[in-house]
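Report on the following structure.
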Amino acid sequence: MEISGNLIEIQETKEYGQNGFRKRRCVLRTDDQYPQEIPVDFVQDKVDVLDGFSLDDKVTASINIRGNEYNGKHYVELQGWKMVKNQ
């Protein structure tokens with residue numbers, strides 16, 4: 616699945632736990648009639664995908680939809696694995 620829009624936020628890489636799980640988030644604003652701000656997480660070896668991108672870049676992110684349950688609540692995460700600049 617793909618999402619296109621402008622990069623409005625690129626966070627620093629964060630490490631979690633003793634095993635050094637790495638995660639980096641960016642936020643895209645879609646170009647729809649009613650624009651949405653969509654967070655996309657890049658994890659482990661994919662955190663470096665965001666290097667070389669700047670705020671306001673027009674991009675398309677390739678994502679997978681992930682879901683999990685924690686303490687009886689369900690969560691959805693958009694996990695990115697590729698990003699390209701649009702012309």
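Take the position in the sequence shown, starting the count at 1, then add 615; the result is the number in this note's numbering.
Quick reminder that beta carbons are idealized off the backbone N, C-alpha and C, glycines included.
None of the values given here were measured: they were computed from a predicted structure.
The residue among Lys629, Phe636, Tyr685 and Cys641 with its C-alpha nearest the C-alpha of Met698 is Cys641. Restricting attention to Gly632, Asp671, Gly667 and Tyr649, the CA atom closest to the CA of Gln659 is found in Gly632.
With contact defined as three or more Cβ pairs closer than 8 Å, the stretch 679–691 and the stretch 664–671 are not in contact. If you check the CB distance, Gly620 and Leu643 come in under 8 Å. Pro654: member of the beta strand (DSSP E) spanning Glu652 to Val658, first to last residue. Taking C-beta atoms as the reference points, Asp656 and Leu622 fail to come closer than 8 Å.
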